[in-house]
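Data block below; observations after.
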Amino acid sequence: MFLSQQQYATEVLERAGMLTCNPCRTSVDTDSKLAATGDPVSDPTLYRRLAGALQYLTFTRPDISYAVQQVCLFMHDPREPHFSALKRILRYVRGTLTSGLQLYSSTTSSLVAYSDADWAGCPTTRRFTSGYCVFLGNNLLSWSSKRQFTLSRSSAEAEYRGVANAVAETCWLRNLLRELHTPLSTATIVYCDNVSAVYLSSNPVQHQRTKHIEIDIHFVRDLVTTGHIRVYSCPYSLYQCMRIFTKGLPTALFDEFRDSLSVRSTPAQTARGC
Numbered sequence: 183m184f185l186s187q188q189q190y191a192t193e194v195l196e197r198a199g200m201l202t203c204n205p206c207r208t209s210v211d212t213d214s215k216l217a218a219t220g221d222p223v224s225d226p227t228l229y230r231r232l233a234g235a236l237q238y239l240t241f242t243r244p245d246i247s248y249a250v251q252q253v254c255l256f257m258h259d260p261r262e263p264h265f266s267a268l269k270r271i272l273r274y275v276r277g278t279l280t281s282g283l284q285l286y287s288s289t290t291s292s293l294v295a296y297s298d299a300d301w302a303g304c305p306t307t308r309r310f311t312s313g314y315c316v317f318l319g320n321n322l323l324s325w326s327s328k329r330q331f332t333l334s335r336s337s338a339e340a341e342y343r344g345v346a347n348a349v350a351e352t353c354w355l356r357n358l359l360r361e362l363h364t365p366l367s368t369a370t371i372v373y374c375d376n377v378s379a380v381y382l383s384s385n386p387v388q389h390q391r392t393k394h395i396e397i398d399i400h401f402v403r404d405l406v407t408t409g410h411i412r413v414y415s416c417p418y419s420l421y422q423c424m425r426i427f428t429k430g431l432p433t434a435l436f437d438e439f440r441d442s443l444s445v446r447s448t449p450a451q452t453a454r455g456c
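Following this line, the structure appears as structure tokens:
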């Protein structure tokens with residue numbers, strides 16, 4: 183099954199007057215941290231409409247989730263640098279109009295999640311951006327890129343909170359599969375590229391590094407103890423596909439991680455787009 187919003191993406195480009203613009207290789211550059219600086223845009227309403235339209239496009243385009251999340255943070259007061267970042271997303275969409283989400287027939291029923299966090303990544307508030315994606319077999323089921331509402335005192339806390347968000351999503355998916363009469367018989371695997379966060383998920387001992395972490399985050403430990411969740415360290419952060427949801431990447435890494443999310447060009451001509 184191939185899920186595509188090619189017709190909708192074309193309409194968004196027409197609305198922005200960028201249907202014939204030069205395409206771009208990535209949706210965001212490596213120095214992608216936007217701040218509340220610059221001159222106000224001349225048409226804030228257009229900015230908000232385009233940003234909202236791109237949010238809908240992320241339903242089948244997880245590769246633009248982080249970039250869209252960044253520009254949506256400033257919908258209340260858009261500035262020229264923010265509009266430039268939004269136009270870059272549209273240029274990337276222009277070059278990947280035929281891309282969509284590919285779903286495969288798979289006999290594998292394992293649920294695997296990947297989590298990542300960008301500690302103190304926001305230059306203005308110093309809040310972190312967390313992201314996760316969840317696979318059922320070879321198919322991408324769920325993904326998220328979001329700036330968190332709270333500050334974290336360490337990278338371990340930020341990563342641990344990111345793991346908690348991913349675990350909460352996998353719990354919902356496990357319950358959904360149970361209601362569909364296809365319960366999972368194996369534990370859900372959650373990968374994280376921070377060793378300290380992995381230790382926190384299984385170590386119930388309180389110490390100086392964890393006293394400030396809210397108790398509700400520690401529900402991960404209960405699920406690890408009962409065997410429903412297993413949290414592992416991702417051995418090579420270079421190959422942590424979750425980074426596409428938390429930061430700008432060079433073109434080579436962006437293309438590699440995009441392929442790992444099953445974002446493909448349309449395999450065949452369809453009767454009509456959506």
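The sequence shown: position 252 = 434 (our numbering), numbered continuously.
Just so you know, even glycine gets a beta-carbon here, dropped at the ideal spot from N, CA and C.
- Spanning the alpha carbons of T352 and P449 requires a straight line of approximately 30 Å.
- Below 8 Å, too few C-beta pairs join the segment 246-260 and the segment 288-298 to call them touching: fewer than three.
- Partner residues in a beta bridge of T227, as assigned by DSSP, do not exist.
- Between the C-alpha atoms of R403 and L358 there is a straight-line separation of about 22 Å.
- Assigned with DSSP and collapsed to three states, C206 falls in coil, not helix or strand.
- Rounded to the nearest whole angstrom, the C-alpha separation of V316 and Q187 is 21 Å.
- Leaving aside the five residues that flank S324 on each side, the residues in its chain whose CB is nearer than 6 Å to its CB run, in chain order, V316, E351.
- Assignment of D437 by DSSP, reduced to helix, strand and coil, places it in the helix class.
- Checking the DSSP bridge columns, you'll see P222 partnered with R261.
- Contact between the segment 261-280 and the segment 420-439 is absent, with fewer than three C-beta pairs closer than 8 Å.
- Pairwise C-beta distances place the segment 227-238 in contact with the segment 247-256, as three or more of them are shorter than 8 Å.
- Within the same chain, and ignoring the five residues on either side of T212 in sequence, the residues whose Cβ sits closer than 7 Å to its Cβ are G430, L431, P432.
- For R446, there is no enclosing alpha helix (DSSP H); the enclosing beta strand (DSSP E) covers residues 445-447.
- Going by DSSP, S297 is part of the beta strand (DSSP E) stretching over 293-300.
- The DSSP-derived three-state label of S186 is coil.
- The alpha carbon of V194 has as its nearest neighbour, out of T240, G319, H400, the alpha carbon of T240.
- Rounded to the nearest whole angstrom, the CA to CA distance from S209 to R243 is 11 Å.
- When the beta-carbon positions are compared, S447 and L283 stay at least 8 Å from each other.
- Note on geometry: alpha-carbon atoms of L366 and R356 lie some 7 Å from one another.
- Comparing alpha-carbon positions, the option among L268, I246, A191 lying closest to L228 turns out to be L268.
- Linking S378 to S281 through their CA atoms gives a straight-line distance of about 37 Å.
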